[in-house]
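Protein chains in written order, with the numbering used here: chain A, 1 to 359; chain X, 1 to 359.
Protein chains: 2
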Amino acid sequence: MPQHITYTNQVGAALDRVLASTCCLRLFVLTDENTHQLVLPHIDSKALHQATEIIIHAGDEHKTLDALAQVWHALSDDGATRQSVLVNIGGGMVCDLGGFAAATFKRGIRFINIPTTLLSAVDAAVGGKTGINFNGLKNEVGAFAEADEVIISTCFFKSLPPKELRSGYAEVIKHAMLDGHETFGQIIEQAPQQLTLQQLEASVQVKQRIVAQDPHEQGLRRTLNLGHTVGHALESWAFQRSGLAGTSFQGSGIRASMPHGYAVAWGLVAEAVLSHMLLQFPSDDLHRLGTYVRDHYGTPGITCDDYPTLLELMRHDKKSRQGEINCTLLRHIGDPVIDNPITDDDIKTALDILRDYVD
Amino acid sequence: MPQHITYTNQVGAALDRVLASTCCLRLFVLTDENTHQLVLPHIDSKALHQATEIIIHAGDEHKTLDALAQVWHALSDDGATRQSVLVNIGGGMVCDLGGFAAATFKRGIRFINIPTTLLSAVDAAVGGKTGINFNGLKNEVGAFAEADEVIISTCFFKSLPPKELRSGYAEVIKHAMLDGHETFGQIIEQAPQQLTLQQLEASVQVKQRIVAQDPHEQGLRRTLNLGHTVGHALESWAFQRSGLAGTSFQGSGIRASMPHGYAVAWGLVAEAVLSHMLLQFPSDDLHRLGTYVRDHYGTPGITCDDYPTLLELMRHDKKSRQGEINCTLLRHIGDPVIDNPITDDDIKTALDILRDYVD
């Protein structure tokens, strides 16, 4: 069955309906310690009561080969077959790791994602990128494998900390910038907690439309990297600065010290500046974005002393080729251009202007 | 690029030609200790001299998660990018494990298979099944991923032990049985060492034609399981009897005590008997096959005391559903039928007649 998304606030009933129409001989459910305790009891599903539970440690620092092997072991020991189904209930970490485990167990069993954070609903749960961190690098090992079904609900978001909700909202802003003026106007005029299920659906559909045309990221899908060249560098910079780098690069875990979406929000501003400089992206849209990000995300706390480190990180981005810094930029809202080579001086100017907005 | 196969006895030149037409920023070559020492020095390729070498332990007992992690580490540490290419040089173990490592490193880099045994040339190197043993089970974890290029040569086979050559030849016989009378007649009238490069090409093409129509084994591809329901049970039985089971099920390795192809050869006879009993497969073709297998493969050494164990193993085959024994059978040479349910009594009769032929 092709990837299908159900938007509902009756998650348990939706899951039972999906499973009733699936030839599933054995059901497994993957959660982390948090979603096991806080989310699972509130999903009213008959099928889940009979499922075999697999519980992993929470947090991106546990998105490791050890946790992956734990899931493979649990599936194997409990007799999962090619007709079994794995339900991943959690944030991006659970969807990424569980999706990869399912994609590779017996060369691929079916899986269902139930994202419990806004970030995973608009990002990890949809589009088929699965994987784990390895050798100190994010998503170094993984596979393209789409969930057979995704069940998206806003009911889990009510209990999310505001910071977590804002983090996911940055991807909603990105999708709006790729989509068009009307969506961008709506999204940028409201607070993250005002997001409706209908707006969430529209946001996910922006990603779906792009992924359907280029599932393996040969070209068009790279438009989804908007904000992420600068964003990933900020994330890695914060990670190194937190002093966790030493231990983590020894193992395979990565501990986040800057929420992903915050880094993306600042990255969106920096890359909108670059878009203005190089592709005449309108200054009034840049200004609206910069103001919104300042008001809701504050400042990344970088100074010009950090620029050499940030440039070095951008050069080592997975998306870069032979050390050249590359960005997705916008001509206008709704009109992205992939693969723009960027000079060091342009990046420095963009970071200066980002700081003018948010510091 | 779609999977392409070059048949040549100039392997080095063929590899250089392929790589010259590939946008490959960095080349890696995977061998095991044996192929590193015995094969690599004889491949006259300029590109290989500049490649980063990765060497793993030889043998199916090392087709493990540890060896997989070793390959991922080597790729990651030496800066492999999405534009890198991995060349797997070896038997089925190297092609299976290397293919899986490539399929999952950064969600998939390109790889080239150079099979060095007859078995891997006609089986593992082609068709996109990659994987490792895990939790004491063969290929429990893996992916469907086709090599971007396969370079097949008979020049490596000259130094193979006769037993290894015969093991591969069983898959050649299987392909001939799926193909038609003319091929079957040719293959069954000559000794394994008489196989020509042209015949090898024809044999691989039988598999390719089937895989192209059903890459993910939803139906037609199961015809390639001919001989393997009984064959896998014999292999597992020999493995358990060798006394290695205890240690191996603790780790993730599997050590083979009966060559795969021998088990398949005996499996082909047993399943040809079942084909005769259930689908009127002609007795003269059964007789020619039985005689050939007796002359070249000898006996598996089973007695009727082993039947309960063998039946139990067949019920737990990856291909079986809900404990029902299932076989691919033949109406005639060249006319396979998948998914035939088989009773215990029929299996026992088939094993009796197999023993009449080969004991």
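We put the beta carbon where it would ideally sit given N, CA and C, even for glycine.
At least one CB of chain X lies nearer than 8 Å to the CB of serine 76 of chain A.
The secondary-structure analysis by DSSP pairs valine 337 of chain A across a beta bridge with A:Leu329. Sequence-distant partners of alanine 238 of chain X (beyond 5 residues in either direction) whose C-beta falls short of 6 Å from its own C-beta, in its chain, are Ser257, Met258. Listed in chain order, the alpha helix (DSSP H) elements of length 4 or more contained wholly in the region 219-305 of chain A are 228-241, 245-250, 260-279, 283-297. Distance between tyrosine 307 of chain A and glycine 168 of chain A, taken at the CA atoms: about 26 Å. Apart from the 5 residues on each side of it in sequence, valine 11 of chain A sits with its Cβ closer than 6 Å to the Cβ of Ile43, Ile151, Ser153 in its chain, given in chain order.
Taking a C-beta distance under 8 Å as the contact criterion, phenylalanine 100 of chain X and alanine 143 of chain X qualify as a contact pair. As DSSP reads the structure, alanine 202 of chain A sits in no beta bridge. Relative to the Cα of valine 204 of chain X, the nearest Cα in the group X:Leu119, X:Pro192, X:Glu164 belongs to X:Leu119. Residues of the region 143-172 of chain X whose Cβ lies closer than 7 Å to any Cβ of chain A, in chain order: Ala143, Phe144. In this structure, DSSP gives phenylalanine 184 of chain A a helical state, which the three-state scheme calls helix. One finds Ala69 in chain A with Cβ atoms closer than 7 Å to the Cβ of leucine 65 of chain X, taken in chain order.
Excluding the 5 residues flanking it on each side, alanine 58 of chain X has same chain C-beta neighbours closer than 6 Å at Asp32, Glu33, Asn34, in chain order. At least one C-beta of chain X is nearer than 8 Å to the C-beta of valine 141 of chain A. Looking at the DSSP output, histidine 4 of chain A bridges to A:Glu149.
Taking a cut-off of 8 Å for Cβ pairs, the region 219-235 of chain A and the region 324-341 of chain A touch, as three or more such pairs fall below it. In the three-state DSSP reduction, glycine 59 of chain A falls in the coil class, being neither helix nor strand. Distances from the alpha-carbon of threonine 22 of chain X to those of X:Asp148, X:Gln37, X:Met277 put X:Asp148 closest. Taken through DSSP and simplified to helix, strand or coil, arginine 166 of chain X comes out as helix. Between the alpha carbons of leucine 351 of chain A and alanine 270 of chain A lies a distance of about 6 Å. Distance from valine 122 of chain X to lysine 63 of chain X at the Cβ level is roughly 19 Å; contact not present, criterion being Cβ atoms closer than 8 Å. 8 Å or more divides the Cβ of alanine 265 of chain A from the Cβ of leucine 286 of chain A.
Residues of the region 72-99 of chain A with a C-beta atom less than 8 Å from some C-beta of chain X are Trp72, His73, Ser76, Asp77, Thr81, Arg82, Gln83, listed in chain order.
Residues are counted here when their Cβ sits less than 9 Å from a Cβ of chain X; for the region 128-139 of chain A these are Lys129, Thr130, Gly131, Phe134, Asn135, Gly136, Leu137, Asn139, given in chain order. For alanine 170 of chain X against tyrosine 262 of chain X, the beta-carbon gap comes to about 7 Å, under 8 Å, which counts as contact. In the three-state scheme derived from DSSP, where H, G and I count as helix and E and B as strand, isoleucine 173 of chain X is classed as helix.
Two segments are said to touch when three or more pairs of C-beta atoms, one from each, lie closer than 8 Å; by this definition the region 299-318 of chain A does not touch the region 179-186 of chain A. The straight-line gap separating the alpha-carbon atoms of histidine 216 of chain A and leucine 330 of chain A is approximately 22 Å. Between isoleucine 89 of chain A and threonine 52 of chain A, the CB-CB gap reaches or exceeds 8 Å. Residues of the region 38-54 of chain A with a C-beta less than 8 Å from any C-beta of chain X: none at all.
With a contact defined as Cβ atoms closer than 8 Å, valine 18 of chain X and isoleucine 112 of chain X qualify at about 7 Å. If you look at proline 308 of chain A, you'll find it in the alpha helix (DSSP H) that goes 307-315.
For phenylalanine 28 of chain A, the nearest beta carbon of chain X is not closer than 8 Å to its own beta carbon.
Linking threonine 343 of chain X to arginine 26 of chain X through their CA atoms gives a straight-line distance of about 54 Å.
For leucine 160 of chain A, no beta strand (DSSP E) run applies, since DSSP gives it neither H nor E.
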